[in-house]
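Residue numbering for the sequence shown follows my numbering, beginning at 38 and increasing consecutively.
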Amino acid sequence: MNIYYCDFCDRSFVDGHDARKKHLMGSMHLRLRKEHYDSLRESAKVPCKRFRNTGECVFGGNCRYSHYSQEQLWELRQQVTEEAKQKALNKAKTSSEGEVPTLSSYLQKRSKALLKNESKDNQGDDKLATWELPPQLRGRSDLPPSLQGFTIDDFADIEFESWG
Numbered sequence: 038m039n040i041y042y043c044d045f046c047d048r049s050f051v052d053g054h055d056a057r058k059k060h061l062m063g064s065m066h067l068r069l070r071k072e073h074y075d076s077l078r079e080s081a082k083v084p085c086k087r088f089r090n091t092g093e094c095v096f097g098g099n100c101r102y103s104h105y106s107q108e109q110l111w112e113l114r115q116q117v118t119e120e121a122k123q124k125a126l127n128k129a130k131t132s133s134e135g136e137v138p139t140l141s142s143y144l145q146k147r148s149k150a151l152l153k154n155e156s157k158d159n160q161g162d163d164k165l166a167t168w169e170l171p172p173q174l175r176g177r178s179d180l181p182p183s184l185q186g187f188t189i190d191d192f193a194d195i196e197f198e199s200w201g
């Protein structure tokens, strides 16, 4: 059984259609989700005078105004920029750790992959090449051109015409 984890509620439960639907429509989940997304919009809000003067606001998370001071908003912005820089550094480290592939390294990897594929193909001897006819159709002369057999030599003399 799968377990569903809700980041908003910091809660996990058995993942079933009805259970998840019931949770997602619950008042606690909706309130916590709203608070989460409202907190992301805090920087655009004007500071709450009631919260600034008394330290409390009866509206709580439903208040139209921000309950963060200018310093706290500045710290949040700094934290976001630092996290973005850290992600960029981590991405740069992972790309620099793996050197830029050279042609020889690519060819080595490709030859190893081809050898693996050949060994897999050798295990299944009953597989035919994609251009080979099944044995039942090889001797027939009444086949249409699309089903008649061909060899690799048939493609050696092909002249490609230019289009346009």
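Note that beta-carbon positions come from the ideal geometry of N, C-alpha and C, so glycine has one too.
task = Kindly indicate which residue of Pro-84, Ile-40 and Ala-56 has the alpha-carbon position closest to the one of Ser-49.
result = It is Ile-40 whose Cα lies nearest to the Cα of Ser-49.
task = Could you check what DSSP says for Ser-183 in three-state terms: helix, strand or coil?
result = Here Ser-183 sits in coil by DSSP.
query = If we ignore side chains and look at the alpha-carbon of each, how far apart do Glu-169 and Ala-121 end up?
reply = Taking the straight line joining both Cα atoms gives about 56 Å.
message = Please return the same chain residues whose Cβ sits closer than 7 Å to the Cβ of Phe-45, not counting the five positions on each side in sequence.
response = Result list for Phe-45: His-66, Leu-69, Arg-70 and His-73, in chain order.
query = Just curious, the alpha helix (DSSP H) that Phe-88 is in, first and last residue?
reply = 86-91 is the span of the alpha helix (DSSP H), which, as asked, contains Phe-88.
inquiry  = Check whether the region 89-104 and the region 51-67 touch, using three or more Cβ-Cβ pairs below 8 Å as the test.
reply    = The region 89-104 vs the region 51-67: no contact.
task = Express the C-alpha separation of Ser-106 and Gly-97 in angstroms, rounding to a whole number.
result = Going by the C-alpha atoms only, they are around 15 Å apart.
Cβ-based neighbour list, Arg-57, same chain, cut-off 7 Å, excluding 5 preceding and 5 following = Closer than 7 Å at Cβ, skipping near neighbours: Tyr-41.
query = Is the Cβ-Cβ distance between His-54 and Cys-85 less than 7 Å?
reply = Taking 7 Å as the cut-off, the beta carbon of His-54 is found no closer than this to the beta carbon of Cys-85.
inquiry  = Once DSSP output is grouped into helix, strand and coil, what is the label at Arg-70?
reply    = Arg-70 falls in the helix class under three-state DSSP.
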